[in-house]
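**Student:**
Residue numbers (the working numbering): 30 to 257.
#1: Buried or exposed for residue 122, please, with buried defined as at least 16 other CB atoms from any protein chain shown within 10 angstroms of its CB.
#2: Look up residue 122 in the DSSP assignment and say whether it is helix, strand or coil.
#3: Tell me which residues share the same chain as residue 219 and place their Cβ nearer than 8 angstroms to its Cβ, disregarding the 5 neighbours each side in the sequence.
#4: For the alpha helix (DSSP H) that residue 202 lies in, which residues bound it at each end?
#5: Hey, out of 152, 178, 191 and 124, whose CA is closest to residue 161's CA?
#6: Hey, residue 248 and residue 210 are a contact pair by Cβ (cut 8 angstroms); roughly how many whole angstroms apart?
#7: What would DSSP say about residue 235, mapped onto helix, strand or coil?
#8: Which two residues bound the contiguous alpha helix (DSSP H) that contains residue 162?
#9: Report all residues from its chain with a CB closer than 8 angstroms to the CB of residue 175; omit the five preceding and five following residues, and keep chain order.
#10: Taking Cβ positions, are residue 137 and residue 104 nearer each other than 8 angstroms?
#11: Whole angstroms are fine: how far does the CA of residue 100 sit from the CA of residue 66?
#12: What is the DSSP secondary structure of residue 195, reduced to helix, strand or coil?
#13: Near residue 124, which residues of its chain fall below 7 angstroms by C-beta distance, leaving aside the five closest residues on each side in sequence?
#14: Does DSSP put residue 102 in a helix, a strand or coil?
#15: Where does residue 221 fall in DSSP's three states?
#16: Can you list, in chain order, the residues of its chain with a C-beta nearer than 8 angstroms to that of residue 181? Leave out the 5 residues immediately preceding and following it.
#17: With a threshold of 8 angstroms on Cβ separation, who are the neighbours of residue 141 within its own chain once the five nearest residues in sequence on each side are excluded?
#18: Specify the secondary structure class of residue 254 as computed by DSSP and reduced to three states.
#19: Considering only the alpha carbon of each residue, which of 224, 166, 251 and 173 lies closest to residue 204?
#20: Go to residue 144, then tell me how far its alpha helix (DSSP H) extends in each direction, as first and last residue.
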């Protein structure tokens, strides 16, 4: 049976009074009187716990949380923001991928949306900053532009949106074949058909089909492989 507004207020007032009693009774003491006070506080905590369960059945969520009941961090904007702060402290994050991750982990979707919006407005999250970091990391690892472009597309970002692309990143369409050849020279394929193996290797590294075809042919010819 739902409690009336007066009953709710009475329960809340009673609970607040018990909280104050427990706080005053639980002060540290080495005397016998202090020990008795601690026992009294323990009994009061048990009674308080039962009363909190009783209130939870009759009060709405906001009233219950106002009493100090622990809030589920996955159901609040504050909890989502704390998670975002921890993840951003490790590395740059994409707002799209971060949103997907938090929802997948059980965070409330509306809370995540608001938290991400706040993080973007504060500069804690920055998709262009994330994109630049990702591009530089992938290029340094010998990844192809085509693969990097696909990876960014999953975040809703286009390479052309990057400030100074491609000049500032020291890449070009012509230089892509040279980068692909460098990958093959550093880690040549070990398959029986070297040219085909080179092509597959470059495709898995994110190079486009045309770049992989050209680089595989040039590499196999320079190495003296005649297989097709």
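Yeah, the Cβ is synthetic: ideal placement off N, Cα and C, and Gly gets one too. Bear in mind that the values here come from a model prediction, so they are computed numbers and not experimental data.
**Tutor:** This is what the structure holds:
#1: buried
#2: Under the three-state reduction of DSSP output, residue 122 falls in the coil class, being neither helix nor strand.
#3: 226
#4: Segment 202 to 215, the alpha helix (DSSP H) holding residue 202.
#5: 191
#6: Residue 248 to residue 210, Cβ: 6 angstroms. Contact.
#7: Coil, per DSSP.
#8: 156 to 169
#9: Leaving aside the five residues that flank residue 175 on each side, the residues in its chain whose CB is nearer than 8 angstroms to its CB run, in chain order, 235, 236, 237 and 240.
#10: When the beta-carbon positions are compared, residue 137 and residue 104 come within less than 8 angstroms of each other.
#11: Legend: pLDDT at residue 66 = 47, less than 50; position of this residue unreliable, no value from coordinates given.
#12: coil
#13: 145, 149, 154 and 156
#14: In the structure shown, residue 102 sits in a helix (DSSP, three-state: H, G or I).
#15: coil
#16: 160, 163, 164, 187 and 188
#17: 109, 128, 131 and 132
#18: coil
#19: For the residues 224, 166, 251 and 173, the minimum Cα distance to residue 204 belongs to 173.
#20: 138 to 151
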